[in-house]
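Residue 1 is where the sequence shown starts when you use the UniProt record's numbering, and the numbers rise one by one after that.
Ideal Cβ placement from N, Cα and C applies to all residues, glycine included.
Treat the numbers as computed from the prediction; the structure is a model and nothing was measured.
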Amino acid sequence: MQNQNFTSCWLPDGRREKRSNKLIVTILSKAEVIRRVCHTYLSHLFEGFHIGTELNSQDEIVIGTYEATAQACTNDMQVDGFELRQEQGKTYILSHSDQGLLYGTFYFIEQLQLGMKIEDMSVIQNPATTIRMLNHWDNMDGSIERGYAGRSIFFEDNKLSYDKDRIQQYADLLSSVGINKICINNVNVHQVESRLIEADMLIELQHLADIFRGNYITMFLSINFASPIEIGGLKTADPLDSTVEEWWRRQTKLIYQKIPDFGGFIVKADSEHRPGPFTYGRTHADGANMLAKALAPFNGTVFWRCFVYDCLQDWRDRSTDRARAAYDHFKKLDGLFDENVILQIKNGPMDFQVREPVSPLIGALEKTNYVMEFQVTQEYTGQQIDLCYLVPQWKEILDFDTHLKGKGTTVSEILSGNLHKSLQTGITAVVNVGRDDNWTGHEFAQANLYGYGKLTWDPTFKTEKLLKDWVQITYPFVKDSATRLIEEILNRSWMIYEKYTCPLGVGWMVKTGHHYGPDVNGYEYSPWGTYHFSDRNGLGVDRTKSGSNYIEQYSANVSELYANLNSCPDNLLLFFHHVPYTHPLHSGKTVIQHIYDSHFEGVEDVEHIIYEWTREKANLPDDLYSHINQKLNSQLTNATEWRDKINTYFYRMSGIPDEHQRLIYG
Ligand code: GCW
């Protein structure tokens, strides 16, 4: 049975003081969801709350399309954009569509939670992109790959198993931040999940799709490229074999008979032992297009992942660099994909590390649709035990200037579709929710989900503002000094996590398999292509011309920035260069001293946060206080282990003592 107590999130509930006045809302839309959302959430904010269906002089709020309200339409409004307008004593929530009205209504609710006066609400908002998506890595046995918030909200015992109310609230959470597409199962599609596209499973999936549809969220499934063999009984999954094409066409038709607005497929092919077109000597364009053709008659889409690399690399082979893989595989296929194929590119060239440069494939494709993939679930960033607010990381990525069409070609400009106007671009991410009451395991990890959604809507949102808003609407009952503390610790958390886990962009010194905690050489002699190459003289990966020349995949400006030791930022130094321990950083420290200092500082920072948290105890509700306190103490244990293992390792390697003679285990 699923938990019923799941209301602890940023949507309004009974914890907020109600406004004493009455609110009358007139809804001139037939969409059931608008009425339900108003009922569910506005009733928590006002003493008296009433819904009307006809305009009359007392209306305070009117929700309806421009047409239904007979309001003049504002230029350049997108279908799912919305407007809040003050007109003759009324506040109008306007849009061209019911979907836009839903976003406008949630925006209105949020402004109320933030304490705004209704008569001051006046805004026009259009989303930056039409692809604002989330990927679940949920398995049908109820487990979640890289999930840290309990079991799946969709599956258990190899069946669909969900609490309708909870899924409805989840859909509301997603709509409140503008998410419009969701894939419900893991990209690693195993035997049972391969069957999700069969008739009996589709009947059950219909009901789930109904809930999401009610919130204008389109449902997708990850599929197994070898399905024709695994469930179809064919001898091959060759994308150019006519029986295979026919099988997918039939299967796809079946899906649309049950779920007419089905979004399409997500495909992880030829990646980490998953089947794909390479088995048959075909290209990824052949594979993706075959599926695209089956989906095209129904307006469906294939999201085809670019996470394709050699995971059976020989560590002795220094000529292969995993960072090059996505670009090397996909750049040459640019222009060969069908219109309804969207490539899905991880934000960095490796794999969701604490710090990586931006993937050079972003912006490099000129004739192919693509989305950037972030990881909201904290696989390499603390697993929702250690605090790591990721919005600053995503902001840095979105603000990064690729210089692809001169200065100012930022990632957010590219993903908003401004570089290649004819392409479909957007953002997707691996989500961090599970069955835990608070959705995300660490309650503060909700801020990542909230921030992610907001950034997909508008990548120019400021980190500080997003955080302030999330804290204010999630903790209306918490005193000012404590809310400031929550903001402060979240704001610094990524930097702190980086200090004790990932010096100077090196990455991968994690325990193998589960990826939590330190193991300096865990991946060093492995086939995964994830090395730091430490020896007694130095460390880091040479990705310049003298090494793998990965830097050639960037624009000339960016390539030069990283190639040159004088301009390469300290925090990515070891990603791009192999340098001696004595190499001086821009900060004035040597590399080895930086490693020691940052690891000591990381632990001190966590200790300091615990101290501050304890000081605020009286201003915090007991359950929140102890939940966070317990997480922080686990974080401290982890940070201490990282500090001692990393410092000891590099002291033994380099033989160089700490300038400050602190305790390093020799
Ligand atoms: O980061 C790696 C993860 C795998 C994941 C893979 C991917 C779903 O460790 O668990 O598999 O990335 O993105 O496909």
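The C-beta of Y665 has fewer than 16 other C-beta atoms within 10 Å across all chains shown, which makes the residue exposed. For S271, the Cβ falls inside the 7 Å cut-off from some heavy atom of the ligand GCW. Between G287 and P228 a beta carbon distance of about 12 Å is seen, past the 8 Å cut, so the two are scored as non-contacting. One thing to note: S29 has its Cβ no nearer than 8 Å to the Cβ of I51.
Not one heavy atom of the ligand GCW falls within 7 Å of the beta-carbon of F265. The segment 240-256 and the segment 188-207 touch, with three or more beta-carbon pairs separated by less than 8 Å. Look at V187: its beta carbon is less than 7 Å from one of the heavy atoms in the ligand GCW. The beta carbons of P127 and W528 sit no closer together than 8 Å. Of the other Cβ atoms in all chains shown, fewer than 16 fall within 10 Å of the Cβ of F477; this residue is therefore exposed. Taking 7 Å as the cut-off, the C-beta of D351 counts as close to a heavy atom of the ligand GCW. Between the alpha carbons of S416 and G426 lies a gap of roughly 7 Å. Taking a 10 Å sphere around the C-beta of D317, we find fewer than 16 other C-beta atoms and assign the residue as exposed. Buried is the label assigned to Y103, since at least 16 other Cβ atoms lie within 10 Å of its Cβ. Each residue's CA atom was taken as its position, placing L84 and N299 some 32 Å apart. Annotation: Y500 to R166 spans about 37 Å, alpha carbon to alpha carbon. If you draw a 10 Å sphere on the C-beta of T377, you find 16 or more other C-beta atoms in it, and that means buried.
For M133, the uninterrupted beta strand (DSSP E) segment begins and ends at I131 to N135.
Straight through space, the alpha carbons of V411 and Y107 are spaced by roughly 26 Å. In the structure shown, W508 falls within a coil segment according to DSSP collapsed to helix, strand and coil. Of the other Cβ atoms in all chains shown, fewer than 16 fall within 10 Å of the Cβ of M116; this residue is therefore exposed.
Counting along the chain, the unbroken beta strand (DSSP E) around V25 starts and ends at R19 to I27. In the three-state reduction of the DSSP assignment, G150 falls in the coil class. Of the other Cβ atoms in all chains shown, 16 or more fall within 10 Å of the Cβ of S176; this residue is therefore buried. Boundaries around K468 are those of the alpha helix (DSSP H), T463 to T474, since no beta strand (DSSP E) includes it. Excluding the 5 residues flanking it on each side, V354 has same chain C-beta neighbours closer than 7 Å at Y380, T381, Y497, E498, T501, C502 and G507, in chain order.
At a Cβ-Cβ threshold of 8 Å, M350 and A323 count as neighbours. By DSSP's assignment, K346 forms a beta bridge with E373. Between the C-alpha atoms of N135 and M219 there is a straight-line separation of about 10 Å. Closer than 7 Å to some heavy atom of the ligand GCW: that describes the Cβ of K268. Rounded to the nearest whole angstrom, the C-alpha separation of L387 and Y523 is 24 Å. The straight-line gap separating the alpha-carbon atoms of P260 and M495 is approximately 45 Å. Placement of the Cβ of W137 at a distance of less than 7 Å from at least one heavy atom of the ligand GCW is found. A285 sits in a helix when the DSSP states are folded into three classes.
In terms of CA proximity to G232, Q191 leads the group E54, Y525 and Q191.
Contiguous beta strand (DSSP E) elements confined to the segment 297-333 occur at 301-305, taking only those with 3 or more residues.
Of all alpha-carbon atoms in R305, E32, I24 and E60, the one lying nearest the alpha-carbon of G48 is that of I24.
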